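*Asks:* Residue numbers (this note's numbering): 20 to 91. C-beta: ideal position from N, C-alpha, C; glycine also. Keep in mind it's a predicted model, so treat the numbers as computed, not measured.
(1) How far does the alpha helix (DSSP H) with residue 69 in it reach, from first residue to last?
(2) Return yes when the Cβ of residue 77 is within less than 7 angstroms of the Cβ of residue 25, no when it is not.
(3) Specify, as a first and last residue, the run of the alpha helix (DSSP H) that residue 28 falls within.
(4) Comparing C-alpha positions only, which one of 34, 68 and 85 sits nearest to residue 49?
(5) For residue 79 and residue 71, I'd like the C-alpha separation in whole angstroms.
(6) How big is the Cα-Cα spacing for residue 32 and residue 53?
Pasting the structure below:
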């Protein structure tokens, strides 16, 4: 359902700022989890609404199906 290449691109982009991203399909939803590594740049991660829009385009899915989980 979602673009595997898009996920790989996001993994590379976020890794540069110290974040890891994973995604999987759960029914109609695409569950996306972003986790901070010890090297994470706290100011580098876009706000959730902006990230959801970016992910919609990158993963080639409607933003409404993205269940986004941010670092705690």
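*Replies:* A quick look at the data gives this:
(1) Indexing the chain shown from 1 puts residue 69 at position 50. Residues 67-78.
(2) Along the chain shown, one-based indexing puts residue 25 at 6. Along the chain shown, one-based indexing puts residue 77 at 58. Yes, the pair counts as a contact, with Cβ atoms nearer than the cut-off.
(3) As a first step, residue 28 is located in the chain shown; it is residue number 9 there, counting from the start. Note, residue 28: alpha helix (DSSP H), 23-34.
(4) Reading the chain shown from its first residue, position 30 is the one you call residue 49. Cα-wise, what sits closest to residue 49 is 85.
(5) Reading the chain shown from its first residue, position 60 is the one you call residue 79. Reading the chain shown from its first residue, position 52 is the one you call residue 71. The straight-line gap from Cα to Cα measures roughly 11 angstroms.
(6) Stepping through the chain shown from its first residue, residue 32 is reached at position 13. Stepping through the chain shown from its first residue, residue 53 is reached at position 34. If you take the alpha carbons of residue 32 and residue 53, they lie about 12 angstroms apart.
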